[in-house]
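Going down the list, the protein sequences come from chains A and B. According to my numbering, the residues represented by the first sequence are 20 to 372, in order. According to my numbering, the residues represented by the second sequence are 22 to 416, in order. Idealized CB from N, CA, C, for every residue including glycine. Here the structure is a predicted model, which means the values were calculated and not measured. Below: one structure, written as structure tokens.
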Amino acid sequence: MRNRTAYVAGGAIGALVVLAGLVFTFLVPVPWVVALAAQFDTSLFSAALRLSVPIAFAALGGIFAEKSGVINIGLEGLLIASAFTSIAVAWGLAGSVGPTTAAWAGFIAAILASTLLAGLFAVVTIRYEADQIIAGLAVWLVALGLAPFASQIVWNSVNSPAVPTLNNWVVPGLVEVPVLGPAVFDSNPTVYLMLLAVPASWFVLNRTAFGRWVRASGENPKALDTAGVNVSRIRYASVLLSGVFSGVGGAGLALGQVGQFIGSGQTMVSGRGWIGITAYLMGNYNPIGAFLSSFLFAGLNALQFRVQQISELNISPSLVQMVPFVAVIVVLALVGKTRLPDAAGDHYESGDD
Amino acid sequence: MPSWSESAASKIVTASAKERIYISVAAFVASVLVGSVLVYLSGLVVDCAGGRFLGSCYNPFLVYYYLFVDPFVGGFNVALVMKETVLLIFTGLSVAVAFRAGLFNIGSQGQLVLGGLASALAVIFAAPFAPTGPVGTLVLVPLALVVGAVFGGLYAAIPGALKAYAEANEVITTIMLNFVATNLAFFLISTYYQDPESGSVQTVAIPEAARLTPVLPFFEGAQFSVVALVLGLALVGGTYYVLANTAFGYDLRTSGVQATAADYAGVDAKRLVVSSMTLSGALAGLGGAVYVLMVMSRYRTGIPALGFDGITVSILAGNNPLGVLPAALLFGVMKAGSLSIDFSLGVPKQLVGVLRGLVILFVAMPEFFRMLARYTSFGPDADRPVATDGGEDDA
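See the structure below:
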């Protein structure tokens, strides 16, 4: 079953690539293809890595929550909350401490804010047995309302001024490696964090006692309870972990890429949390698969930024911006139903409560 | 065909309806309380010259006066309330219908956007062939409404079909389709239908004859039409009737409550998913058409988040079409009031967005209020939480 889904997911990605290839071959004149092919270079790779950060972290968080039996569709809201907090704190401290300290303080504050919101979601769903989908939606809508409201209070505008950002870290020596060096080893700290967090999450989920408890809590909470492990505690820990991860993702977006908070429309997060959910569904709850899916979406996004700048390709930016979202729908349609953990979405009440 | 009032389960349904109302009211009050704390704390941060309330620039009592009472002072304000209410009825009904079928349509926004755009374009293209004056109105307005409903419905049929035949989760697909709709509308207008005289991305204005105007002198000057209100009320009644008294409505509700049971009873589940989503999208599309005819008189990008507000309205209404009316009115008042808190007190109008989220959060946790009720020994007895199962788990 698991293998089948993985094959379907692989097939879906393959089909998508072939489909894109066909479109380009038959509909796109040769000079366009040449111009487009020229875009695939190290800096596109590096941009794709950077753009993966919020999506991949949201996806990792989503995996832990859902594996433990709590479907957290509020990831988008967690990203919004942390993006706003990181900018507000970095802005507030920029005058009194150095820019680097201010940015890192913003980073830490963002993780706290996102974890706090995730904690609220955990209490509402675990303690007060709220429907997880509706409560997750509420987390999104609360953040979607609160962040622009707070921006108005702080900056008198839904958008913030520019703030100090997290500067790239260059790894001496490794950056000299041809092709891979400049693409990976001259990156934002949050990119390195992502490259660490993905294998670490895989290891924790599959090779540690905690990971076993998380999986049991989502598949068979009764058994876990019988074994003497507190199901609620595991679920709280997992949901809080999704808050920590989303906090890093939101701060990575705000402090690692944009350098300001944009609160108009659907805010600067603009669907990345939702794409994160699709990324882990597509990766079948495997952190590595989820990261690869995130990287695919981020790559499409990085490509669309560039396609807009190719003069031979006179394509409307809004049309190109649709591509990642359409891709998500196509992938979801092809992958179909991924197998949810058995107890995901269910409340669990231990007998001695 | 068992109707709600005649069914054997009517007692349970009434009891649970009572509890739903209780929970909705409690959730709303709780949101308002949390909102006032938020407003008070915000007032400590901002700078202000004038009087302070316990050290805060914002007086929560005054904020709620402007939010809930001021909208009823004067004909213009009332018209503003009615305008927002009417718009929320469509998306509220849209979400409610899907919800009843056990489907979560978060894509009302996208369906409204494309329905509105299609109806604006239809009117603009048909106008040269249509007569002017009242006769033109009789041709163009129904045309716009039908086109809006058709396009909204078709756009919702996509996630419906994906759910039915590819098992793609409709929560995710409808959200993605919102983003697609916004970008698609922007692309279509900026590339093909741009008003050459305008700097913003919009179509040319629709002809006078196709506009929905106030009709009653009391509402003069506001973008509110009594005709749109009548249409909204008719849809509330119509949707209630369809859900309660038709075979389709019965199948829809049964699928929402117990999909397997519906399957045994011979309901074609896949077709039902597509048709429920289509109906839901058609209602959102109608909302888009009304937005164009009544508010904008053209299609312009940057439509307010009526679809998301519709989710709140429907959840507050317990997903009951009749409940949509008071819930839409409540949010209509708050939307109008958000302008007056901004204008009169300088409190950001985004406050209503915060309240929207809080309302959903509190409605999601009836268990919280039950514990509160048990603790204070007040309020009716418990039943299960509001859930994504059609909101009729107890029927």
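Item: Check whether the segment 79-91 of chain B touches the segment 231-248 of chain B, counting contact only when three or more Cβ pairs, one atom from each stretch, lie closer than 8 Å.; Value: no
Item: Is residue 113(A) closer than 8 Å to residue 121(A) when the C-beta atoms are compared?; Value: yes
Item: With a 10 Å radius around its C-beta and 16 neighbouring C-beta atoms as the bar for buried, classify residue 320(B) as buried or exposed.; Value: buried
Item: Let me know the secondary structure DSSP gives residue 284(B) once reduced to three states.; Value: helix
Item: So for residue 103(A), helix, strand or coil by DSSP?; Value: helix
Item: Alpha helix (DSSP H) containing residue 388(B): first to last residue?; Value: 387-397
Item: Can you tell me where the alpha helix (DSSP H) with residue 352(B) in it begins and where it stops?; Value: 342-361
Item: For residue 395(B), decide whether its Cβ has a neighbour in chain A, counting only Cβ atoms nearer than 8 Å.; Value: no
Item: Between which two residues does the alpha helix (DSSP H) holding residue 331(B) run?; Value: 327-337
Item: Between the segment 201-220 of chain A and the segment 64-81 of chain A, are three or more C-beta pairs nearer than 8 Å?; Value: yes
Item: How is residue 321(B) classed by DSSP in three states: helix, strand or coil?; Value: strand
Item: Counting along the chain, where does the alpha helix (DSSP H) carrying residue 345(A) start and finish?; Value: 336-354
Item: Compare the Cα-Cα distances from residue 186(A) to each of 118(A), 359(A), 132(A) and 282(A) and report the closest residue.; Value: 118(A)
Item: I need the straight-line Cα distance from residue 150(B) to residue 249(B), nearest angstrom please.; Value: 24 Å
Item: So which residues of chain A does residue 377(B) contact, with C-beta pairs closer than 8 Å?; Value: 160 and 164
Item: Return the residue from the list 294(A), 111(A), 108(A) and 243(A) that minimises the CA-CA distance to residue 348(A).; Value: 294(A)
Item: Which residues, in order along the segment 162-188 of chain A, keep a beta-carbon less than 9 Å from a beta-carbon of chain B?; Value: 162, 163, 164, 165, 166, 167, 168, 169, 170, 171, 172, 173, 175 and 177
Item: Alpha helix (DSSP H) containing residue 98(B): first to last residue?; Value: 96-121
Item: Could one say the Cβ of residue 290(A) lies closer than 8 Å to chain B's Cβ atoms, at least one of them?; Value: yes
Item: For residue 15(B), which residues in chain A fall below 7 Å Cβ to Cβ?; Value: The structure shown does not extend to residue 15(B), since chain B spans only 22 to 416, so no value can be given for it.
Item: Let me check one thing: in DSSP terms, what residues is residue 281(A) bridge-paired to?; Value: 178(A)
Item: When you compare each of 73(A), 60(A) and 59(A) to residue 288(A) by their alpha carbons, which one comes out closest?; Value: 73(A)
Item: Does residue 324(B) get closer than 8 Å to chain A when you measure Cβ to Cβ?; Value: no
Item: Just grab the DSSP bridge partners of residue 189(A) for me.; Value: 205(A)
Item: Buried or exposed: which applies to residue 188(A), given that a residue is buried once 16 or more other Cβ atoms fall within 10 Å of its Cβ?; Value: exposed
Item: Return the residues of the segment 344-367 of chain A that lie within a Cβ-Cβ distance of less than 7 Å from chain B, sorted by chain order.; Value: 344, 345, 347, 348, 351, 352, 355 and 356
Item: Excluding five sequence neighbours on each side, which residues of the same chain lie with their C-beta closer than 8 Å to the C-beta of residue 311(A)?; Value: 302
Item: Keeping to the same chain, check which residues put their C-beta closer than 7 Å to that of residue 169(B); ignore five residues upstream and five downstream.; Value: 136, 137, 139, 140, 306, 307, 309 and 310
Item: Would you mind sorting residue 262(B) into buried or exposed? The rule is 16 or more other CB atoms within 10 Å of its CB.; Value: exposed
Item: State the Cα-Cα distance for the pair residue 353(A) and residue 331(B), rounded to the nearest angstrom.; Value: 30 Å
Item: Can you give me the Cβ contacts of residue 71(A) inside the same chain, cut-off strictly under 6 Å, excluding the 5 residues immediately before and after it?; Value: 313, 314 and 317
Item: Given 8 Å as the limit, is there contact between the segment 93-106 of chain B and the segment 384-400 of chain B, that is, 3 or more CB pairs closer than that?; Value: no
Item: Using a Cβ cut-off of 8 Å (strictly closer), state whether residue 369(A) contacts chain B.; Value: no
Item: Flag this pair as touching only if the segment 259-268 of chain A and the segment 130-143 of chain A have three or more C-beta atom pairs under 8 Å; answer yes or no.; Value: yes
Item: Does the beta-carbon distance from residue 191(A) to residue 61(A) come in below 8 Å?; Value: no
Item: Using a Cβ-Cβ distance under 8 Å, would residue 297(A) count as near chain B?; Value: yes
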